[in-house]
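Just so you know, the working numbering puts 59 at position 59 of the sequence shown, and the rest follows in order with no gaps.
Here's the structure, in structure tokens; my notes come after.
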Amino acid sequence: SSETLPPFILIFFFFFALWKFTGDLGLAQTMTFVLLCLDPLLLIFSIRSLKKTMFRKDIFSNWYLTGAVIIALFLILVAIYVPPLQKILATQPLGISAWIVILCFSFIEILLIEFYKQKYFITNNQKVVIKKLKTWKDL
């Protein structure tokens, strides 16, 4: 049995709740589009290391990764704020409240990922290290 809902189900509920709450299908679609684009960009920093938390000082040490994320963020903004692309992609400009909702949802996801990482990878890795240290001490 799975401990969490599959991501596509969560995204569907995010979309459906936005649509019902705002009554604006275009806004709900654009916000869901941005969330789907933004999630992997944040996720990559979290899964870059399973043994260290995302919230460490060297998070931007990989310049290629950081540069790729900045370019992708720029393209997301172009897709929702440049009028010709708005027509092609059926997006609409987002206000500050929409960005706050998207960023809060993404932050909650990152916190959950970091929690599970701490629970399953970092804590278990520390137990293995402690066990090895005890073994070495006995030598």
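Here a beta-carbon is modelled for each residue, glycine too, at the ideal position from N, C-alpha and C.
Ignore the nearest five residues each way along the sequence and tell me which others in residue i's own chain have a CB closer than 8 Å to its CB.
i: S106; result: L35, L38, D39 and L42
i: F55; result: E114
i: I87; result: It is Lys, not Ile, that sits at residue 87 in the sequence shown. Within the same chain, K87 has no close Cβ partners at all.
Does the Cβ of residue i have 16 or more other Cβ atoms within 10 Å, making it buried, or fewer, making it exposed?
i: A140; result: Nothing can be reported for residue 140: it is not among the residues displayed for the chain, which extend from 1 to 139.
i: L27; result: buried
i: I102; result: buried
i: F8; result: exposed
Give a yes or no on whether the C-beta atoms belonging to residue i and residue j are separated by under 7 Å.
i: I96; j: S46; result: no
i: A141; j: T91; result: Residue 141 cannot be examined here, being either before or after the span of the chain that is shown, 1 to 139.
i: W19; j: L25; result: yes
Rounded to whole angstroms, what's the CA-CA distance from residue i to residue j? Just pull it up for me.
i: Q29; j: G23; result: 11 Å
i: A16; j: T66; result: Looking at the sequence shown, residue 16 is not Ala but Phe. Spanning the two alpha carbons is a distance of roughly 32 Å.
i: L112; j: T53; result: 12 Å
i: L85; j: F74; result: 13 Å
i: F121; j: R48; result: 13 Å
i: F21; j: A98; result: 12 Å
i: I100; j: I59; result: 23 Å
i: Y81; j: M31; result: 13 Å
i: K117; j: K51; result: 8 Å
i: K119; j: I108; result: 16 Å
i: I70; j: P83; result: 21 Å
i: S61; j: F12; result: 34 Å
i: I44; j: F33; result: 18 Å
Comparing C-alpha positions only, which one of the options sits nearest to residue i?
i: C104; options: I76, L89 and F14; result: F14
i: L77; options: N62, S61, L94 and I108; result: L94
Once the 5 residues before and after residue i are set aside, which same chain residues still bring their CB inside 7 Å of it?
i: Y64; result: none
What residues in its chain sit with their C-beta under 6 Å from that of residue i, if we drop five residues either side in the sequence?
i: L89; result: A79
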